[in-house]
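> Take the sequence shown: its position 256, counted from the start at 1, is 262 in the working numbering, and no numbers get skipped.
Every residue, glycine too, gets a C-beta built ideally from N, C-alpha and C.
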Amino acid sequence: MPPPPTESRGASPKPHTTQPAAKPLLFRPQVQRIAYPVLVGVVLLVLWQGLVTGLELPPYLVPSPLLMMQTLVTDWATLGGSLLVTVKITLLAFVAATVAGVLISFLFVQSKAIETALFPYAVLLQVTPIVAVAPLIIIWVRDPTLSMVICASLVALFPIISNTTLGLRSVDPDLQSYFQLNRATRLQTLMRLRIPSALPYFFGGLRISSGLALIGAVVAEFVAGTGGTGAGLAYQILQAGFQLNIPRMFAALLLISLTGVALFVAMAWLSKKALGGWHASETSHD
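1) Taking 8 Å as the threshold, find out whether the region 69 to 85 comes into contact with the region 187 to 207 through three or more Cβ pairs.
2) For Asn251, does the count of other Cβ atoms within 10 angstroms reach 16, so buried, or fall short, so exposed?
3) If you draw a straight line from the C-alpha of Phe100 to the C-alpha of Leu61, how long is it?
4) Only counting the same chain, and skipping five residues up and downstream in sequence, which positions put a Cβ closer than 7 Å to that of Met154?
5) Where Leu259 and Ser176 are concerned, what is the direct C-alpha to C-alpha distance, given to the nearest angstrom?
6) I'd like to check one pair, Pro253 with Pro71: are the Cβ atoms closer than 8 Å?
7) Taking the alpha carbon of Val108 as the point to measure from, which residue in Lys279, Gly282 and Thr170 has its own alpha carbon closest?
8) For the alpha helix (DSSP H) containing His169, name the first residue and the last one.
9) Would you check if the region 129 to 141 and the region 180 to 198 touch, i.e. whether three or more CB-CB distances between them fall below 8 Å?
10) Could you tell me the alpha carbon to alpha carbon distance between Gln38 and Lys279, rounded to whole angstroms?
11) Note the first and the last residue of the continuous alpha helix (DSSP H) segment covering Pro206.
12) State the Cα-Cα distance for the pair Phe164 and Leu142, rounded to the nearest angstrom.
13) Candidates Leu181, Met255, Val139 and Val93: which alpha carbon is nearest Leu67's?
14) Might you give, ordered along the chain, the residues of its own chain that have their beta carbon closer than 7 Å to the beta carbon of Leu73, omitting 5 neighbours on each side?
15) Roughly how many angstroms separate the alpha carbons of Leu6 and Val105, rounded to a whole number?
16) Val272: buried (16+ other C-beta within 10 angstroms of its C-beta) or exposed?
17) So, at 7 Å on beta carbons, what are the nonlocal neighbours of Ala158 in its own chain, with the 5 sequence-adjacent residues on each side left out?
18) Please classify Gln242 as buried or exposed, where buried requires at least 16 other C-beta atoms within 10 Å of its C-beta.
19) My understanding is that Leu89 touches Leu261, with C-beta atoms under 8 Å, so please give their C-beta distance in whole angstroms.
20) DSSP on Leu63, reduced to helix/strand/coil?
21) Would you kindly work out how many angstroms separate the C-alpha atoms of Ile214 and Phe185, rounded to a whole number?
So this is what it looks like as structure tokens:
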């Protein structure tokens, strides 16, 4: 009877594994997040240009996108300086609102009685129209830049307070009991438990507050009406409206919109950097 066949004593061949095929460029999520909005924007601009050209609308009613871009280039010396003024007021107001909002939230979380007593006034501050308050602030504060920063800060303050306070309160009860069991101090509980739990809420508040700071800066510029070297984009819009220079008005509006988008993208990037390594809101791929 012949012996059974024996396997070769050499190294067994490695199983053949097929690498997954790479996705086409347009099907990658990173590309889609940029390509889809850009595509929609291009379609809207082409439609806008076609309607203005086809209906022969005069520039003093609705300028075409091409005319708006030409005006942006030719008037950049004026609009660019105004953009810097508006951005400066927005950033100063945003930083002031962030610092004040975080400190107020820390105060609220120390005592439920303090939060109950003072939170309605934060809501009152939010629902009061800044257009009604801004003239008083501009009269009381002699410096025009400082008065506009205060107005914009009041608009951007509430989202920081509400979101950060909610985050500081939204801690895991089991973890809170564990800290109490180990006799952690209020400062230790705040730094090691409440602040890490509140970070996603805080960055969500930053995204909202950054846009509101820009809105508050523009509204304050409208009310203040400062001209000269300290004129912001709102002043350029007012002047363009008086002169019926509608292309310049649209160019200034475009700069305000792009500034708002840039602020939101910057806050989203900051949130990704801070939370991307550990929180589900940034690590999820759905």
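Walking through what the data contain:
1) The region 69 to 85 and the region 187 to 207 do not touch, with fewer than 3 CB-CB distances between them shorter than 8 Å.
2) As a first step, residue 251 must be located in the sequence shown, where it is residue number 245. That one is buried.
3) As a first step, residue 100 must be located in the sequence shown, where it is residue number 94. As a first step, residue 61 must be located in the sequence shown, where it is residue number 55. Roughly 43 Å separates the two Cα atoms.
4) Walking along the sequence shown from the start, residue 154 turns up at place 148. Taken in chain order, the residues that qualify are Ile95, Ala223, Ala226, Glu227 and Ala230.
5) Taking the first residue of the sequence shown as position 1, residue 259 is located at position 253. Taking the first residue of the sequence shown as position 1, residue 176 is located at position 170. Cα to Cα, the separation comes out at about 39 Å.
6) The sequence position of residue 71 within the sequence shown is 65, counting from 1. The sequence position of residue 253 within the sequence shown is 247, counting from 1. No, these two residues do not count as a Cβ contact at 8 Å.
7) On the sequence shown, position 102 is the one that residue 108 refers to. Of the listed residues, the one whose Cα sits closest to Val108 is Thr170.
8) Position 163 of the sequence shown holds residue 169. Inspection of the sequence shows that residue 169 is occupied by Asn rather than by His. Pro150 to Arg175 is the extent of the alpha helix (DSSP H) around Asn169.
9) Contact fails: fewer than three Cβ-Cβ distances are below 8 Å.
10) The sequence position of residue 38 within the sequence shown is 32, counting from 1. The sequence position of residue 279 within the sequence shown is 273, counting from 1. Cα to Cα, Gln38 sits roughly 20 Å from Lys279.
11) Here residue 206 corresponds to residue number 200 of the sequence shown, with the count starting at 1. Looking at the DSSP string, the run of the alpha helix (DSSP H) that includes Pro206 is Ile201 to Ala230.
12) Position 158 of the sequence shown, counted from the first residue, corresponds to residue 164. Position 136 of the sequence shown, counted from the first residue, corresponds to residue 142. Taking the straight line from one Cα to the other gives about 20 Å.
13) Position 61 of the sequence shown, counting from 1, holds the residue named residue 67. The shortest Cα separation from Leu67 among Leu181, Met255, Val139 and Val93 belongs to Met255.
14) Walking along the sequence shown from the start, residue 73 turns up at place 67. Excluding positions up to five away in sequence, the list reads Pro65 and Pro253.
15) Past the edges of the chain, shown from 7 to 292, lies residue 6, and the structure says nothing about it.
16) Here the question's residue 272 lines up with position 266 in the sequence shown. For clarity, residue 272 is Ala in the given sequence; the question names Val instead. The residue is exposed, with fewer than 16 neighbouring Cβ atoms inside 10 Å.
17) Position 152 of the sequence shown holds residue 158. Correct list, in chain order: Ile95, Thr96, Ala99, Ala219, Gly222, Ala223 and Ala226.
18) Translated into positions along the sequence shown, residue 242 becomes position 236. The residue in question, Gln242, is buried, as its Cβ has 16 or more Cβ neighbours within 10 Å.
19) Position 83 of the sequence shown, counted from the first residue, corresponds to residue 89. Position 255 of the sequence shown, counted from the first residue, corresponds to residue 261. Rounded, the Cβ-Cβ distance is 5 Å, consistent with contact.
20) Position 57 of the sequence shown, counted from the start, is the residue given in the question as residue 63. Coil at Leu63, not helix or strand.
21) Walking along the sequence shown from the start, residue 214 turns up at place 208. Walking along the sequence shown from the start, residue 185 turns up at place 179. Cα-Cα distance, rounded: 32 Å.
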